Structures are given as structure tokens and as C-alpha cells.
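Participant:
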Amino acid sequence: MREVLEALTATRGVLVAALLSEDGFVVEEARKEGAPEPGLLSARAVTVLGTAKALGQTLGQQALEEVMVEYPEGALLLAPLPGYHLLLFLEGVRSLGRARLALKRALPQLWEALA
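Right under this line is the structure:
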């Protein structure tokens, strides 16, 4: 798992990659020097995912694939995994395309590591 997270943080613009438990605890993390501590983001990030899932259910959507939240200082990309959540913190929205592509490529490895 650690190798997959490190590969994600090797993507230009990705500052943090963290695997979170469903209740918001950091299970594993990789981050660049000076990046925010994943533990400071994790519990609230899980709340964001829960809210997004509930909104999707209200709209009749079957499943949530990912959530992106943009801030002036960076962007947060969240993706649900079986029994876990993945958190990526990006330098900004300019990095979103690269981060999403890296995430799509990493998903099979993530699923395998969690099986």
C-alpha cells in the first residue's frame, strides 16, 4: 500500500496521499515535505464523502466515484474504496487532471492491496 501512495505523491502537484478508515483515521500515508498532515484532514474529509454520498442518493445516483473540493491554497480529491477512503491533497486545481489519471491507474493496485 505504501508504495502505491508514494507513487501517487510522485505525481506532479500531489502533496498528500492517504488511506483512511471509514471512520476517518489515517491507516497509511505518503506526503511531500511541508504538506499538510493527513490526520488534520481525515475526519472532516470522511464527513465530506458521507455528505456527497447522501446527496447522490437523494439524486437517485447509485455510487460515488470521487469528490473534489477546491480551495485557494489547494484542492482535495476524495475517493471511496471498499471499507476505506483515499484522500489526495493537491497544490491546486491545475493538478486535478494529472491526479485523477494517476488515481485511475493506481485503483487496481489499491483494490488488490485491500483484498
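Position 113 of the sequence shown, counted from 1, bears residue number 113 in this note's numbering, the numbering being contiguous throughout. Glycine included, each C-beta is placed from N, C-alpha and C at the ideal position. Please read these numbers as outputs of a predicted model, since none were measured by experiment.
Counting along the chain, where does the alpha helix (DSSP H) carrying P108 start and finish?
Facilitator: One-based indexing of the sequence shown puts residue 108 at position 108. From DSSP, the alpha helix (DSSP H) with P108 extends over 96-114.
Participant: Starting from G56 and walking both ways along the alpha helix (DSSP H), at which residues does that stretch end?
Facilitator: Walking along the sequence shown from the start, residue 56 turns up at place 56. Note, G56: alpha helix (DSSP H), 38-58.
Participant: The alpha helix (DSSP H) that contains A88, what's its start and end?
Facilitator: Numbered from 1 along the sequence shown, position 88 holds the residue referred to as residue 88. As written in the sequence, residue 88 is Leu, which differs from the Ala given in the question. Segment 84-90 is the beta strand (DSSP E) holding L88; no alpha helix (DSSP H) there.
Participant: When you compare the CB positions of L90 and G74, do they come within less than 7 Å of one another, or not?
Facilitator: In the sequence shown, the residue the question calls residue 90 occupies position 90. In the sequence shown, the residue the question calls residue 74 occupies position 74. The answer is yes: Cβ separation under 7 Å.
Participant: With DSSP run on the structure shown, which of helix, strand or coil describes E3?
Facilitator: Counting from one through the sequence shown, the residue named residue 3 turns up at place 3. Note: E3 maps to helix in three-state DSSP.
Participant: Could you please give the first and the last residue of the uninterrupted beta strand (DSSP E) stretch that includes G140?
Facilitator: No statement about residue 140 is possible, as the shown extent of the chain runs from 1 to 115 and does not include it.
Participant: Measuring alpha carbon to alpha carbon, tell me which of A99, R98, P80, A115 ends up nearest V46.
Facilitator: Along the sequence shown, read from residue 1 onward, the residue named residue 46 stands at position 46. Of the candidates A99, R98, P80, A115, the one whose C-alpha sits nearest the C-alpha of V46 is P80.
Participant: Report the CB separation of V14 from L88 in whole angstroms; it is logged as a contact under 8 Å.
Facilitator: On the sequence shown, residue 14 is found 14 positions in, with the first residue counted as 1. On the sequence shown, residue 88 is found 88 positions in, with the first residue counted as 1. With a Cβ gap of about 6 Å, V14 and L88 count as contacting.
Participant: Buried or exposed for T9, please, with buried defined as at least 16 other CB atoms from any protein chain shown within 10 angstroms of its CB.
Facilitator: Within the sequence shown, residue 9 is the residue found at index 9, counting from 1. Classification for T9: buried.
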